[in-house]
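Here is the structure we will look at, set down as structure tokens.
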Amino acid sequence: MIYNEFNGDKLSRLGFGCMRFMTESGSGNVDQETVDRMFDLAIEKGVNYFDTAYVYLGGQSETSMAKALARYPRESYFLADKFPGHSLPGPVDNRALFELSLKRCGTDYFDYYLLHNVMEWSLKIYEDPAYHIIPDILKLKEEGKIRHLGFSCHGGPEMLEAFLDKYEGMFEFVQIQCNYLDWTLQDAKKKYDIITKRGLGVWIMEPVRGGKLANLSESNTAKLKALDPEASAASYAFRFLQGLPNVKVILSGMNEMFQVEDNLKTFEEYRPLSVKEEDTLFEIAESMKGGVPCTGCRYCCEGCPIGLNIPYLMDCYNTFKVDFSLNSSMRIDGLEEDKRPAACIGCGQCSHVCPQGIDVPTVMSELAEIYANGPKWADASKGRQETIKKDLHM
Ligand code: SF4
Ligand code: SF4
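Shown next, in the form of structure tokens:
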């Protein structure tokens, strides 16, 4: 196993993400026997970082992880959990919520604790004084119940930079969605640089983009097989991330034994990608994109009569083109109504100045339609809000 030193801890570079445990059909309960077996093998081969969140699997992720880990000494592994600010039904007793997580995880402290899903939309909650989240979390850290504080982030680089500037010195690490596709598609490179420049650790989520990079199209699979017929597509995605020196932990949401076995093999030793391998990955990434070639130059922004953040919206559009996901919707949810794509009046000023020749008004109108018909965070989080109310007897 490859390890990293981070602020006094020796962390396995492969972290076990606990959000995708298999559930039994019918009961909906986590298949604990499989979780135990996966953990046993991972621990035997050196994995010592386990990551869960209050909201994963309606709380079952925390309890199931705890059951599997209870068979090992607490000091032999690092436990990470997340505060569900993005899913709150309104201001709640933050300490009670945190203590419920501790109880479910069978511990009295977390090694790593994160504000969950800080992004353009959820910032409104995390920073709202009525919710009192940041002061309460800092108090818990002061009391020693949190060893290292960080946050996970699905937001864009501008938001990330502003948030880190505002709370300078508060966080030690940031967890971002990063893989060889999002390196350019979701500006993961920029985010990696922003975090690294501040001397903070980078944690990785979605290394294989929810399985997309582990199950490539036939033609892309053939490109990788030509390099090495034995290596899995997922192993290339992980090796790309291993090559980023400031990546401390790469989380993989493993739910089947073969994934654990394959990942453990990949993390046995550091094997940097050759130039040819890296070129092939970027070629595959390009073939998966279907959006517009916006470079983020912002030439179009000054003359927009509505003041739209055009490159930001182009970015949302490009993400939607790869994957019709809640993540992209959430980024638009975070904008005021008059800054969303539907506010575009189609004047075409932007297209005249765009060096990439992008037909921005047409893209805006398509994006407005996709967004209107897409999933909304407010709807998606209703179930979680009800669960939190029930958990806190509200
Ligand atoms: S077409 Fe839309 S995005 Fe472009 S400048 Fe006009 S209002 Fe702004
Ligand atoms: S001018 Fe074109 S490439 Fe530049 S930010 Fe605007 S849309 Fe993107």
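The working numbering numbers the first residue of the sequence shown as 6 and each following residue consecutively.
For each residue, glycine too, the CB sits at the ideal point set by N, CA and C.
Enclosing alpha helix (DSSP H) for residue i [first to last residue]
{"i": "C321", "result": "315-327"}
{"i": "K394", "result": "387-396"}
{"i": "N225", "result": "223-232"}
{"i": "Y376", "result": "365-378"}
{"i": "V265", "result": "262-271"}
{"i": "N332", "result": "331-338"}
{"i": "K171", "result": "162-171"}
{"i": "K108", "result": "99-109"}
{"i": "Y197", "result": "193-202"}
{"i": "L190", "result": "187-190"}
Cβ-based burial, residue i [other Cβ within 10 Å; buried from 16]
{"i": "I350", "result": "exposed"}
{"i": "G400", "result": "Because the chain here runs from 6 to 399, residue 400 falls outside it and cannot be looked at."}
{"i": "F263", "result": "exposed"}
{"i": "N378", "result": "exposed"}
{"i": "R79", "result": "exposed"}
{"i": "S292", "result": "exposed"}
{"i": "C23", "result": "buried"}
{"i": "F329", "result": "exposed"}
{"i": "R303", "result": "exposed"}
{"i": "N12", "result": "exposed"}
{"i": "A202", "result": "Position check: residue 202 holds Lys in this sequence, whereas Ala was assumed. The residue is exposed, with fewer than 16 neighbouring Cβ atoms inside 10 Å."}
Residue of the options minimising C-alpha distance to residue i
{"i": "L372", "options": "K344, M293, Q180, M399", "result": "K344"}
{"i": "G308", "options": "V358, G51, F26", "result": "V358"}
{"i": "D133", "options": "P360, V97, Q182", "result": "V97"}
{"i": "Y136", "options": "I337, N99, G339", "result": "N99"}
{"i": "G353", "options": "G204, S370, E341", "result": "S370"}
{"i": "I199", "options": "D284, L229, T189, P162", "result": "P162"}
First and last residue of the uninterrupted beta strand (DSSP E) at residue i
{"i": "E283", "result": "Not the beta strand (DSSP E): E283 falls in the alpha helix (DSSP H), residues 280-293."}
{"i": "Y131", "result": "Careful: Y131 lies outside any beta strand (DSSP E), inside the alpha helix (DSSP H) at 128-131."}
{"i": "Q247", "result": "From DSSP, Q247 is part of no beta strand (DSSP E) but of the alpha helix (DSSP H) over 238-247."}
{"i": "D86", "result": "83-88"}
{"i": "H121", "result": "115-123"}
{"i": "M210", "result": "206-210"}
{"i": "R152", "result": "151-158"}
{"i": "F11", "result": "8-11"}
Whole-number beta carbon distance between residue j and residue i, since they are thought to touch under 8 Å
{"i": "A58", "j": "F21", "result": "Not really, about 13 Å apart at Cβ, beyond 8 Å."}
{"i": "R109", "j": "A85", "result": "Going by Cβ atoms, the distance from R109 to A85 rounds to 14 Å, so no, they are not a contact pair."}
{"i": "S69", "j": "F26", "result": "6 Å"}
{"i": "V280", "j": "I315", "result": "About 35 Å; that fails the 8 Å criterion."}
| request: Quick one: residues with CB closer than 7 Å to any heavy atom of ligand 2, in chain order, please. | output: C299, T300, G301, C302, R303, Y304, C305, C306, I315, P316, M319, C355, V358, C359, P360, Q361, I363, V365
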